[in-house]
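Taking the numbering used here, I'd label the letters of the sequence shown as residues 160 to 444. Glycine is no exception: its CB is placed at the ideal position from the N, C-alpha and C atoms. Notes follow the structure.
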Amino acid sequence: MVKTIVGLVVGLVAFTALVYGVQMPDFRAEQVDLLYGLTGVYLAVAGLCFLLGEATGNYSQVDKLWSVIPVAYVWMAASASDFAPRPTLMAALVTLWGARLTFNFARRGGYSWIPWKGDEDYRWSLLRANPAFNRPWKWSLFNLFFISLYQQGLILLFTLPIVYGWTADGSALSATDWLLALLLVVLVVLEFTADQQQWNYQEEKHRRRKAGEELGDFYGVGFTHSGLWRWMRHPNYACEQALWIVFAAFAATVGKGTLFAFGPEISFRAQTHGSFKFIFNQLYQ
160 MVKTIVGLVV GLVAFTALVY GVQMPDFRAE QVDLLYGLTG VYLAVAGLCF LLGEATGNYS
220 QVDKLWSVIP VAYVWMAASA SDFAPRPTLM AALVTLWGAR LTFNFARRGG YSWIPWKGDE
280 DYRWSLLRAN PAFNRPWKWS LFNLFFISLY QQGLILLFTL PIVYGWTADG SALSATDWLL
340 ALLLVVLVVL EFTADQQQWN YQEEKHRRRK AGEELGDFYG VGFTHSGLWR WMRHPNYACE
400 QALWIVFAAF AATVGKGTLF AFGPEISFRA QTHGSFKFIF NQLYQ
């Protein structure tokens, strides 16, 4: 488990160094300023998440901001570009994505009127019980480097294509831009549909349990397996991964057409039946 944690953190640092060290020389001065501004917000938010987790014992502070901070990042970029067409379109699309995810997280009890409270992801309590974290300082280091810095780093990285999408001349949107926008909207709609199907299933399952009714074969499975869920284990995760690849593809319509699909590659969270290892499963082992 320790090797997994170290590998993830080192990988993120190395990739960030690549982005900042190799790509920044190609940036205009205003893009460099934007990148430094985004990095400053990232460090401040990661530090706040760490302190709140340590002070409250609720380590899902990053979870509460997962759908919010990307929206802040993209509108910072749109504002820096004087609301040029492409960054503004990209920011609007991320806002749509954020609204869907925030709504789903809120109705599951993720938020509270006291911002740092709310439900904690059950997986953190499982990890705290692991013998590898038998001393408080070990868990604090995990909270700092993985929960706070690493996860917030992922959020920053998968929104960075908007920096590449900001052209110097503020050129008009192309047919490719609109096609990508349409595809991204379709993916958000599919995510919302998958969320709702899971929500309806769980609500009915828990209603039957409270009423003392038989769950039957369908609800006895415990996890929805109809609709979109009939075709894959986690359709909302699959759409999430595809969505950020599409978002990164906006950079392919600019300049030399280089595609920077770095965010999704390092944040894939396919479940154990998928092609990629689920990070938590590796940590818990």
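Subject >> contact_flag[the region 249-262, the region 202-220] where n(CB pairs < 8 Å) is 3 or more >> reply: no
**OP:** Check whether the Cβ atoms of E279 and N359 lie closer than 8 Å to each other.
**Re:** no
Subject >> T261 and V227 closer than 8 Å at C-beta >> reply: yes
Subject >> Where Y360 falls: helix, strand or coil (DSSP) >> reply: helix
Original post:
In chain order, what residues of the same chain lie with their CB nearer than 7 Å to the CB of T352, ignoring the 5 residues before and after it?
Top reply: L387
Original post:
Using the C-alpha atoms, what's the distance from R389 back to Y378?
Top reply: 14 Å
Original post:
Can you give the Cα-Cα distance for Y396 and E350, rounded to whole angstroms?
Top reply: 8 Å
Subject >> Straight-line gap, G422 to G371 (C-alpha atoms, nearest Å) >> reply: Confidence at G422 is low in this model, with a pLDDT of 43, below 50, so the placement of that residue is unreliable and no value is reported for it.
Original post:
Is it true that the CB of W325 sits closer than 8 Å to the CB of R267?
Top reply: no
Original post:
Can L332 and L248 be called in contact, C-beta distance under 8 Å?
Top reply: yes
Original post:
Among residues of its own chain, excluding the 5 on either side of Q190, which ones have a beta-carbon nearer than 6 Å to its beta-carbon?
Top reply: V322
Original post:
Where W234 and P290 are concerned, what is the direct C-alpha to C-alpha distance, given to the nearest angstrom?
Top reply: 43 Å
**OP:** With a cut-off of 8 Å on the beta carbons, I'd call V253 and L346 a contact; round off their distance for me.
**Re:** Contact flag wrong, Cβ pair sits at about 12 Å.
**OP:** Please report the residue range of the alpha helix (DSSP H) in which L300 lies.
**Re:** P295 to F301
**OP:** State yes or no: is the C-beta of P229 within less than 8 Å of the C-beta of I314?
**Re:** yes
Subject >> Contact set for W211: own chain, Cβ-Cβ below 8 Å, skip 5 residues either direction >> reply: With the sequence shown as reference, residue 211 is identified as Leu, and Trp is not the correct amino acid for it. Correct list, in chain order: N217, Q220 and W275.
Original post:
Between W283 and Q400, what straight-line distance do the alpha-carbon atoms span, to the nearest angstrom?
Top reply: 23 Å
Original post:
Is the beta carbon of P320 sitting closer than 8 Å to the one on A410?
Top reply: yes
Original post:
Within this structure, are the beta carbons of Q445 and T383 separated by less than 8 Å?
Top reply: Residue numbering for the chain in the displayed model covers 160 to 444; residue 445 lies beyond these limits and cannot be assessed.
**OP:** Quick one: residues in its chain with C-beta nearer than 8 Å to the C-beta of R368, no 5 flanking neighbours on either side, listed in chain order?
**Re:** L374
**OP:** Check A173 in the structure and name its three-state DSSP category.
**Re:** helix
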